[in-house]
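*Asks:* Submitted below is the structure of interest, expressed as structure tokens.
2 protein chains.
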Amino acid sequence: MPVSPIVVFFDFSSPYSYLAVSQIEAIAARHLRDIEWVPVLLGPVFEKTGARPLVEQPLKGDYARIDIPRSARFYRVPYHHPDPFPIATVQAARVLIGLQQEDSRHAVPWLHACFGAYFVHNRNIAELPVLEAIAAEIGLSAGSVARYTADPAIKARLRANVERALAAGMCGAPFIVIDEQPFWGVDRLPQVEAWLDRGGF
Amino acid sequence: MPVSPIVVFFDFSSPYSYLAVSQIEAIAARHLRDIEWVPVLLGPVFEKTGARPLVEQPLKGDYARIDIPRSARFYRVPYHHPDPFPIATVQAARVLIGLQQEDSRHAVPWLHACFGAYFVHNRNIAELPVLEAIAAEIGLSAGSVARYTADPAIKARLRANVERALAAGMCGAPFIVIDEQPFWGVDRLPQVEAWLDRGGF
Chain R
651 MPVSPIVVFF
661 DFSSPYSYLA
671 VSQIEAIAAR
681 HLRDIEWVPV
691 LLGPVFEKTG
701 ARPLVEQPLK
711 GDYARIDIPR
721 SARFYRVPYH
731 HPDPFPIATV
741 QAARVLIGLQ
751 QEDSRHAVPW
761 LHACFGAYFV
771 HNRNIAELPV
781 LEAIAAEIGL
791 SAGSVARYTA
801 DPAIKARLRA
811 NVERALAAGM
821 CGAPFIVIDE
831 QPFWGVDRLP
841 QVEAWLDRGG
851 F
Chain L
651 MPVSPIVVFF
661 DFSSPYSYLA
671 VSQIEAIAAR
681 HLRDIEWVPV
691 LLGPVFEKTG
701 ARPLVEQPLK
711 GDYARIDIPR
721 SARFYRVPYH
731 HPDPFPIATV
741 QAARVLIGLQ
751 QEDSRHAVPW
761 LHACFGAYFV
771 HNRNIAELPV
781 LEAIAAEIGL
791 SAGSVARYTA
801 DPAIKARLRA
811 NVERALAAGM
821 CGAPFIVIDE
831 QPFWGVDRLP
841 QVEAWLDRGG
851 F
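Line by line, the protein sequences are chains R and L. Here this note's numbering is used: the first residue of the first sequence is 651, the next is one more, and so on. Here this note's numbering is used: the first residue of the second sequence is 651, the next is one more, and so on.
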């Protein structure tokens, strides 16, 4: 029986998703698992949970402003808190879906390039010209961003991703599912690793 | 210069506090730190953050019902989800404060006995007869529970604990402060340990 992939639901505007993405490939490789990247939008998730973005909440926002950069130092990955934050990531997500469907060897480079652009280099990936520049940097053919972001089938697929995430119980980002077990947050990576090591616990 | 203690703010009704308490003494001992236990009430914290108890939130509640027992298995500590949950823990907290002030050798045994009673043995520690039974089990003198829970100075001290927690930025439980660095959640224990190891990062 083939081993199921590690399913990673994330939003490009989520710092904890960025941190998890920086770690999860090594974890997957150690356990011979593939990763299925599922870009979603946190907006509809927050609508369902009744939550607001973390940094807008009293006390939790202050804590997040300490915890996010400190967590980056803990994982020894670069981090620069972007401004504006948070942003709409619908276009970046659509391009990723387009690449996954039509040009899959560029999908993971796009994912890393977008996260790095936003959380390391403070480039506003909500803006199409920024996405077009990133596309050029990783060698996408000209017009890819315009085409993917306007494609009705890709738009529908992103909506379907959100529905799938909610059906899986996604209550925040990142949301990682392994063999139907849900793990919410970069801070669950030790449990993810233990789950893979022990085959559940 | 004396080393500052690890300050642990917690609520007796918080499962993640129970899990953190099961781990933090070993961490403190490895780093030659004392622990200052600060019982608080999550109610006023939630009022300030606008949050509801986790298990009452859409999606997050469902996730918590999976995550809490699984986290207990991850840490290899016993856990039985109590009913009713959550409960008012003001009396258990007052007794702990009374012991800290007048009978300190019984304070930590009381702390562990209450957490174990509620999260392992499903005893409702909101009820005074249950607290009196626990008191007898750990050898407190008769009348201690009645005395501590009625003492106006102890009531004031619990309110002061809550104010101190909010001033420290407490946004959930457990909330751990080391050398003025705040760490929220049992899932921050790896960062707590790294912070102690490296003297900050």
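The beta-carbon is built from N, C-alpha and C at its ideal position, and this holds for glycine as well. Computed from a prediction, not measured in an experiment: that's the story for all the values here.
Give the DSSP bridge partners of L/Trp-834, in chain order.
*Replies:* Per DSSP, L/Phe-825.
*Asks:* Going straight from the alpha carbon of R/Ser-664 to that of L/Ile-718, what length do you get?
*Replies:* Spanning the two alpha carbons is a distance of roughly 24 Å.
*Asks:* Any idea which residues DSSP pairs R/Glu-686 with across the strands?
*Replies:* Answer is R/Val-657.
*Asks:* In this structure, does DSSP put L/Phe-851 in helix, strand or coil?
*Replies:* Note: L/Phe-851 maps to coil in three-state DSSP.
*Asks:* What three-state label does DSSP hand L/Ile-737 in the structure shown?
*Replies:* In this structure, L/Ile-737 counts as coil in the three-state DSSP scheme.
*Asks:* Quick check: L/Ile-656 and L/Ile-828, are their CB atoms within less than 7 Å of each other?
*Replies:* Yes, the Cβ-Cβ distance between L/Ile-656 and L/Ile-828 is below 7 Å.
*Asks:* Run through chain R and tell me which residues come within less than 7 Å of L/Pro-840, C-beta to C-beta.
*Replies:* Near L/Pro-840 (Cβ distances below 7 Å), the residues of chain R are Pro-840.
*Asks:* Under 8 Å, CB to CB, which of the residues in the segment 707-720 of chain L have a partner in chain R?
*Replies:* Taking 8 Å as the Cβ-Cβ cut-off against chain R, the residues of the segment 707-720 of chain L that qualify are Gln-707, Pro-708, Leu-709, Lys-710, Asp-712, Tyr-713, Ile-716, Asp-717 and Arg-720.
*Asks:* With distances taken between CB atoms, is the gap from L/Cys-764 to L/Phe-662 smaller than 7 Å?
*Replies:* Cβ atoms of L/Cys-764 and L/Phe-662: closer than 7 Å.
*Asks:* Counting only C-beta atoms, is L/Trp-760 closer than 7 Å to chain R at any point?
*Replies:* Not an interface residue.
*Asks:* Applying a beta-carbon distance threshold of less than 7 Å, which residues of chain L neighbour R/Pro-832?
*Replies:* In chain order: Tyr-713 and Ile-716.
*Asks:* Distance cutoff 7 Å, beta carbons only. Does L/Cys-764 sit that close to anything in chain R?
*Replies:* Closer than 7 Å: no.
*Asks:* Starting from L/His-903, follow the alpha helix (DSSP H) in both directions and report where the run begins and ends.
*Replies:* Limits of chain L in this structure are 651 at one end and 851 at the other, which puts residue 903 of chain L out of reach.
*Asks:* With 16 other CB atoms within 10 Å as the buried threshold, where does R/Ser-667 fall?
*Replies:* R/Ser-667 comes out buried.
*Asks:* Considering only the alpha carbon of each residue, which of R/Leu-846, R/Gly-850, R/Pro-840 and R/Gly-835 lies closest to R/Val-658?
*Replies:* For R/Val-658, the nearest C-alpha among the options comes from R/Gly-835.
*Asks:* Check distances from the C-beta atoms of the segment 651-679 of chain R to those of chain L and list, in chain order, the residues that come in under 8 Å.
*Replies:* Here the close residues number zero.
*Asks:* If you compare alpha carbons, which of R/Ala-786, R/Pro-689 and R/Ala-817 is closest to R/Ala-743?
*Replies:* Of R/Ala-786, R/Pro-689 and R/Ala-817, the residue nearest in Cα terms is R/Pro-689.
*Asks:* The alpha helix (DSSP H) that contains L/Tyr-729, what's its start and end?
*Replies:* Run containing L/Tyr-729: none; DSSP gives neither H nor E here.
*Asks:* Do you know offhand how far R/Ala-810's Cα is from R/Arg-683's?
*Replies:* For R/Ala-810 and R/Arg-683, the distance between alpha carbons rounds to 24 Å.
*Asks:* Quick check: the segment 699-706 of chain L against the segment 752-766 of chain L, are at least 3 beta-carbon pairs closer than 8 Å?
*Replies:* Segments in contact, no.
*Asks:* Under 7 Å, Cβ to Cβ, is there at least one residue of chain L near R/Arg-814?
*Replies:* Judged by the 7 Å Cβ criterion, R/Arg-814 is not in contact with chain L.
*Asks:* Excluding sequence positions up to five away, which residues of its chain have a Cβ less than 8 Å from the Cβ of L/Ala-815?
*Replies:* Cβ neighbours of L/Ala-815 beyond the five flanking positions: Phe-659, Val-688, Val-690, Val-695 and Phe-825.
*Asks:* Hey, quick one: how far does the alpha helix (DSSP H) through L/Pro-708 stretch, first residue to last?
*Replies:* Counting along the chain, L/Pro-708 falls outside any alpha helix (DSSP H), and DSSP gives it neither H nor E.
*Asks:* Taking all protein chains shown into account, decide if R/Ser-654 is buried (16 or more other Cβ within 10 angstroms of its Cβ) or exposed.
*Replies:* R/Ser-654 comes out exposed.
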